[in-house]
Amino acid sequence: MSAITTPVAGTPLAWKLPYRGKVGMACLIIAESAIFTIFVVAYLFYVGKSVTGPTPREILETPIFYTICLLSSSLTIHFAGKLLERGRRGVFLGLWLLTIVLGALFLYGTGQEWHRLIYEHGLTISTNLFGTTYYSLVGLHAFHVTAGLILLSIVLLFGLAGHIGPEQSARVDVLSLYWHFVDAVWIVVFTVVYVLGR
Amino acid sequence: MSSDVIAIQTAEAAGRPWVQTLHEWVTTVDHKRLGVLYILYALLFLVIGGIEATIIRIQLMRPHNDFVSPQVFNRMFTMHGTTMIFFVAMPILFGFANYLVPLMIGARDMAFPRLNAFSFWLTAFGGLLLYFSFLGGSGLYGAGNAPDVGWWAYAPLASRAFSPGHSSDYWTIALLASGFGSIGTAVNIIATIISMRCPGMKLSRMPLFAWLNLVMSGMVLLAITPLSAAQIMLLVDRYLGGHFFDTQAGGSATLWMHFFWIFGHPEVYVLIIPCFAFVSEIVPVFSRKPIFGYPVMVGATVCIAFVSMSVWAHHMFTIGMNSYANSFFAITTMAVGVPTGIKIFNWLGTMWGGKIQFRTPMLFCIGFLFQFLIAGLTGIMLSAAPFNWQLSGSYFVVAHFHYVIVGGILFALFGAFYYWYPKITGRMLNEGLGRLHFWLFLIGFHLTFDLMHIPGLLGMPRRIYTYEPGRGWDTLNYLVTIGAFVQGIATLVFVVNLVISYFKGAKAGNDPWDAWTLEWSVSSPPPAYNFASIPAVSSRRPLWDLKHPEDPDSRYD
Chain A
1 MSAITTPVAG TPLAWKLPYR GKVGMACLII AESAIFTIFV VAYLFYVGKS VTGPTPREIL
61 ETPIFYTICL LSSSLTIHFA GKLLERGRRG VFLGLWLLTI VLGALFLYGT GQEWHRLIYE
121 HGLTISTNLF GTTYYSLVGL HAFHVTAGLI LLSIVLLFGL AGHIGPEQSA RVDVLSLYWH
181 FVDAVWIVVF TVVYVLGR
Chain B
1001 MSSDVIAIQT AEAAGRPWVQ TLHEWVTTVD HKRLGVLYIL YALLFLVIGG IEATIIRIQL
1061 MRPHNDFVSP QVFNRMFTMH GTTMIFFVAM PILFGFANYL VPLMIGARDM AFPRLNAFSF
1121 WLTAFGGLLL YFSFLGGSGL YGAGNAPDVG WWAYAPLASR AFSPGHSSDY WTIALLASGF
1181 GSIGTAVNII ATIISMRCPG MKLSRMPLFA WLNLVMSGMV LLAITPLSAA QIMLLVDRYL
1241 GGHFFDTQAG GSATLWMHFF WIFGHPEVYV LIIPCFAFVS EIVPVFSRKP IFGYPVMVGA
1301 TVCIAFVSMS VWAHHMFTIG MNSYANSFFA ITTMAVGVPT GIKIFNWLGT MWGGKIQFRT
1361 PMLFCIGFLF QFLIAGLTGI MLSAAPFNWQ LSGSYFVVAH FHYVIVGGIL FALFGAFYYW
1421 YPKITGRMLN EGLGRLHFWL FLIGFHLTFD LMHIPGLLGM PRRIYTYEPG RGWDTLNYLV
1481 TIGAFVQGIA TLVFVVNLVI SYFKGAKAGN DPWDAWTLEW SVSSPPPAYN FASIPAVSSR
1541 RPLWDLKHPE DPDSRYD
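Listed in order, the protein sequences are those of chains A and B. Using this note's numbering, read the first sequence as starting at 1 and increasing by one per residue. Using this note's numbering, read the second sequence as starting at 1001 and increasing by one per residue.
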């Protein structure tokens, strides 16, 4: 009976499988992409179908500056990860903080835009179909940015406490994968809302 | 060695207060315990959903029956459908996957044990939320309690105007919560299979069970999420005054149907693919032959996964799509029958020329094979758009999908119970009671669901709470209800068997079926750590290699 617990020795050679964190995050990204796809489809399906105003053409302004902020945060987090791998903790923390600042700027931009739309143009989620789809899609993305910022901040706190070194590099990469996804989704949302949807 | 481990565990368990045992089960992150929790939780809901089905059948037994009011009838079929799909079928299949996948691929646990526990409790609380609607659903309005909008909750039926109170909200949030649980489990199963396989367990050597659950989990990622997205939209509509599905503000009721069925149809395959996995493990062992056409089985499964993502609108032929859409969805629906047919031939090929042992797991698998084939054939009939226009929304459709779910999924599940119960509990299920269960259930099943096709063909619509006498439906409905009771009695025999065998069943030993996959190499039940030392494999049937060193599979690999 004891022999049977270790069936067939042999082939112990090189046996390396992908890191489970990365696989898990990739799966989560696939699932999230499906959720975003449904919201994007709903947005495109309802473009121009609102029975009352205001319409996107009248009131939307393209948020170029904040988009640049978010997209460049992908670069900073990428280099932060690379530098952590080489053990340069100080630069890593600096770039990581910069990533958070850029993400927060983007979120501030969204908040400002919503404030303008609500108080100057009277567009809320219940005003018309445009309001419903716009706030849902952009809000869903902003929610993911917020979740990402919370996770990034936790890593920053651990980093400041001196608990993050090159040995955590693989885990940090998992989080940066998520952040890249959030940025990539923004490219889609941006195209749909500010380019195609007007 | 392994039997000593068990002895120590039981001795410890006997001396411990029950609160401590309970605490261990509630806080567990062990894949085996979570698997058992999933299965027990699903069995509880199986009984509840079964009682709801019985209430529906009693009401329809005679024309002009008034066993329940129309309102209660609507709640019963809504709760029956929702419960059976989301809180019986999904958790029970996840339970088996949770328990068996790590054991089969030679891992000590899932990739993310805590995510595993989190996913289970999300699903569990989702179920509680759904049933809390019986108490909390009326809200401040005194209107209705449980959800009564049907399991697909078509717009505008689920909007505030037509579904006041909170019953639909409980339905939405329950499905959202359990949906996130399902996504968590799917992520976990994929990461486990990709990253936790023991040395030598190449993808091409994995048991088909692991392969099929990998495909199923991939489908969950793409199929459950549209439902979650649609539920979020429904919540926006109901709570924030949004207009997604509000036709008066330009919204579209059809869009909800699309979103629901983009989830709804792949969901059928999410449920049936793990059942294919059970059959693909059980049939070879009881035919004493390796599976016929392993690579083709894998390929056909992946093919089903792809094609089934583009068939959803065959549920919507009657809404009036254009002829291109109708043709497209009719053709894809027929096409999905091809890889499914390949699988059936592979199982037959496995049995062909084998020394078949007609034990209870095998009986259920053979039942599955023939019934699933018939279910597929009525599916092909319904995929023809003109035929579908005639029969959509009739009892023919109800009979068709119950043939899939009961005749296919439930039969395979019963087979899985008889096959793996010895591994999970260490005791065999009683063979005599098992046979009684099989034959009773088979008779009840065919009495109910074979006959149910006919009132459908004669024009009986689904979801009606009663009907006029003299339309030719009376006797058939009466017999259908009797069949439902026979199935109920058979299920009772099964439950009695589960309980009695747990205490009095014959000791199973490590490997009662002389099987070939890794889970049979450890003791029954397996120790908490699964494998004292991680095994290494060099073929698809590691235990065959071990038992037959003179002629191992690895020689031909």
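For each residue, glycine too, the CB sits at the ideal point set by N, CA and C. Here the structure is a predicted model, which is why all the values come from computation and not from measurement.
query: Do you know how far the Cα of G1126 of chain B is from the Cα of Y178 of chain A?
result: To locate residue 178 of chain A, count along the first sequence from 1; it is residue 178. To locate residue 1126 of chain B, count along the second sequence from 1; it is residue 126. Approximately 27 Å between the Cα atoms of the pair.
For K1507 of chain B, the residue or residues it bridges with in DSSP: The sequence position of residue 1507 of chain B within the second sequence is 507, counting from 1. Per DSSP, B:R1427.
- request: Please determine if the region 1526-1538 of chain B and the region 1432-1439 of chain B are in contact, where contact requires at least 3 C-beta pairs separated by less than 8 Å.
  value: no
query: Under 8 Å Cβ-Cβ, which residues of chain B neighbour I125 of chain A?
result: What you label residue 125 of chain A is simply residue 125 of the first sequence in a count that begins at 1. By Cβ distance, chain B contributes V1236, L1240, G1241 and G1242.
query: In terms of alpha-carbon separation, which member of A:L151, A:F39 and A:K82 lies closest to V192 of chain A?
result: Within the first sequence, numbered from 1, the residue matching residue 192 of chain A stands at position 192. Per the Cα distances, A:F39.
task: Jot down the residue ranges of each uninterrupted alpha helix (DSSP H) in the region 1337-1363 of chain B, minimum 4 residues, whole runs only, in chain order.
output: 1337-1351
- prompt: For the candidate residues B:H1258, B:T1083, B:F1278 and B:W1312, whose alpha-carbon lies nearest to that of T1517 of chain B?
  reply: On the second sequence, position 517 is the one that residue 1517 of chain B refers to. When only C-alpha atoms are compared, the closest one is B:F1278.
task: Leaving aside the five residues before and after M1362 of chain B along the sequence, list all residues of the same chain whose C-beta is less than 6 Å from its C-beta, in chain order.
output: For the purposes of this step, residue 1362 of chain B is identified with residue 362 of the second sequence, where counting begins at 1. So the qualifying residues of the chain are F1286.
message: Just to check my reading of the structure: A1191 of chain B and A1117 of chain B have Cβ atoms closer than 8 Å, yes? What is that Cβ distance to the nearest angstrom?
response: In the second sequence, counting from the first residue as 1, residue 1191 of chain B sits at position 191. In the second sequence, counting from the first residue as 1, residue 1117 of chain B sits at position 117. At roughly 15 Å, the Cβ-Cβ gap does not stay under 8 Å, so A1191 of chain B and A1117 of chain B are not in contact.
- prompt: How would you call D1514 of chain B, buried or exposed, if buried means at least 16 neighbouring beta carbons within 10 angstroms?
  reply: Locating residue 1514 of chain B in the second sequence gives position 514, counting from the first residue. So D1514 of chain B counts as exposed.
query: Taking a cut of 9 Å between CB atoms, which residues from the region 16-34 of chain A lie near chain B?
result: L17, P18, Y19, R20, G21, K22, V23, G24, M25, A26, C27, L28, I30, A31, E32, S33 and A34
query: Under the three-state reduction of DSSP, which class applies to P1386 of chain B: helix, strand or coil?
result: Here the question's residue 1386 of chain B lines up with position 386 in the second sequence. Of the three classes helix, strand and coil, the one that applies to P1386 of chain B here is helix, per DSSP.
Amino acids of chain B, ordered along the chain, whose beta-carbon sits closer than 9 Å to that of T55 of chain A: Along the first sequence, read from residue 1 onward, the residue named residue 55 of chain A stands at position 55. Result: empty, since nearest Cβ-Cβ is about 12 Å, beyond 9 Å.
field: Spatial neighbours of A1007 of chain B in its chain, beta-carbon cut-off 7 Å, leaving aside the 5 residues before and after
entry: Within the second sequence, the letter at position 7 stands for residue 1007 of chain B. Note that A1007 of chain B scores a pLDDT of 48, beneath 50, so its modelled location is shaky and nothing firm can be said.
field: Selected residue, minimal CA-CA separation from W1352 of chain B, among B:K1289, B:A1335 and B:S1252
entry: Stepping through the second sequence from its first residue, residue 1352 of chain B is reached at position 352. For W1352 of chain B, the nearest C-alpha among the options comes from B:K1289.
message: For M1233 of chain B and Q1020 of chain B, what's the separation of their Cα atoms in angstroms?
response: On the second sequence, residue 1233 of chain B is found 233 positions in, with the first residue counted as 1. On the second sequence, residue 1020 of chain B is found 20 positions in, with the first residue counted as 1. Their Cα atoms are separated by approximately 43 Å.
field: Within chain A, the residues that I1366 of chain B reaches when beta carbons sit closer than 8 Å
entry: Numbered from its first residue, the second sequence carries residue 1366 of chain B at position 366. Those within 8 Å of I1366 of chain B in chain A number zero; the least Cβ separation is about 30 Å.
message: By the 7 Å beta-carbon criterion, what residues does the region 108-140 of chain A contribute toward chain B?
response: I125, S126, N128, L129, T132 and S136
- prompt: Would A1111 of chain B count as contacting chain A if we go by Cβ distances under 8 Å?
  reply: Here residue 1111 of chain B is taken as the residue at index 111 of the second sequence, counted from 1. Interface residue, yes.
- prompt: Taking the C-alpha atoms as reference points, what is the distance between F1417 of chain B and G24 of chain A?
  reply: On the second sequence, residue 1417 of chain B is found 417 positions in, with the first residue counted as 1. On the first sequence, residue 24 of chain A is found 24 positions in, with the first residue counted as 1. Spanning the two alpha carbons is a distance of roughly 30 Å.
query: Per DSSP, which one or two residues make a beta bridge with S1394 of chain B?
result: Along the second sequence, one-based indexing puts residue 1394 of chain B at 394. Per DSSP, B:P1461.
- request: Classify V1499 of chain B as helix, strand or coil using the three-state DSSP reduction.
  value: Looking up residue 1499 of chain B in the second sequence gives position 499. Helix, per DSSP.
message: Quick check: is the beta carbon of A1158 of chain B nearer than 8 Å to any beta carbon in chain A?
response: Numbered from its first residue, the second sequence carries residue 1158 of chain B at position 158. Output row for A1158 of chain B: interface = no.
task: Return yes when the Cβ of Y1395 of chain B is within less than 8 Å of the Cβ of I1374 of chain B, no when it is not.
output: Indexing the second sequence from 1 puts residue 1374 of chain B at position 374. Indexing the second sequence from 1 puts residue 1395 of chain B at position 395. No, the Cβ-Cβ distance between I1374 of chain B and Y1395 of chain B is not below 8 Å.
- request: Pull up the CB-CB distance for C1365 of chain B and V1283 of chain B, whole angstroms please, since I reckon it's below 8 Å.
  value: As a first step, residue 1365 of chain B is located in the second sequence; it is residue number 365 there, counting from the start. As a first step, residue 1283 of chain B is located in the second sequence; it is residue number 283 there, counting from the start. Between V1283 of chain B and C1365 of chain B the Cβ distance is about 5 Å, and since that is below 8 Å, they are a contact.
query: Applying the criterion that 16 or more other CB atoms from any shown protein chain within 10 Å of the CB defines a buried residue, is F1494 of chain B buried or exposed?
result: Taking the second sequence and counting its residues from 1, one reaches residue 1494 of chain B at position 494. So F1494 of chain B ends up on the buried side.
- request: Please list the partners that I1194 of chain B has in chain A, where partner means a Cβ-to-Cβ separation under 8 Å.
  value: Position 194 of the second sequence, counting from 1, holds the residue named residue 1194 of chain B. Neighbours of I1194 of chain B on chain A, chain order: L17, P18, R20 and V23.
message: My output table needs one value for L1040 of chain B: the three-state DSSP class, helix, strand or coil.
response: Here residue 1040 of chain B refers to the residue found at position 40 of the second sequence. Three-state DSSP puts L1040 of chain B in a helix.
message: Just to confirm, is the Cβ distance from L70 of chain A to D183 of chain A under 8 Å?
response: Here residue 70 of chain A refers to the residue found at position 70 when the first sequence is read from its first residue. Here residue 183 of chain A refers to the residue found at position 183 when the first sequence is read from its first residue. Their beta carbons are under 8 Å apart, which means L70 of chain A touches D183 of chain A by this criterion.
task: Please report how far the alpha carbon of V185 of chain A lies from the alpha carbon of A34 of chain A, in whole angstroms.
output: On the first sequence, position 185 is the one that residue 185 of chain A refers to. On the first sequence, position 34 is the one that residue 34 of chain A refers to. V185 of chain A and A34 of chain A: Cα-Cα distance of roughly 11 Å.
- prompt: Are the C-beta atoms of K1225 of chain B and some chain A residue less than 8 Å apart?
  reply: On the second sequence, residue 1225 of chain B is found 225 positions in, with the first residue counted as 1. The identity of residue 1225 of chain B in the sequence shown is Thr, whereas the question assumes Lys. Closer than 8 Å: yes.
message: Under DSSP, the alpha helix (DSSP H) around S1069 of chain B begins and ends at which residues?
response: Position 69 of the second sequence, counted from the start, is the residue given in the question as residue 1069 of chain B. Per DSSP, S1069 of chain B belongs to no alpha helix (DSSP H) and is neither H nor E.
- request: Check distances from the C-beta atoms of the region 141-157 of chain A to those of chain B and list, in chain order, the residues that come in under 9 Å.
  value: none
message: For a contact defined as C-beta to C-beta under 7 Å, what are the partners of I1183 of chain B on chain A?
response: Residue mapping note: residue 1183 of chain B aligns to position 183 of the second sequence, counting from 1. Under the 7 Å cutoff, chain A gives A31.
message: On the CB-based measure, 16 or more other CB atoms within 10 Å of its CB, does L160 of chain A come out buried or exposed?
response: Looking up residue 160 of chain A in the first sequence gives position 160. By the neighbour-count rule (16 or more Cβ atoms within 10 Å), L160 of chain A is not buried but exposed.
- request: With 8 Å as the threshold, decide whether the Cβ of M1257 of chain B is near any Cβ in chain A.
  value: Position 257 of the second sequence holds residue 1257 of chain B. Judged by the 8 Å Cβ criterion, M1257 of chain B is not in contact with chain A.
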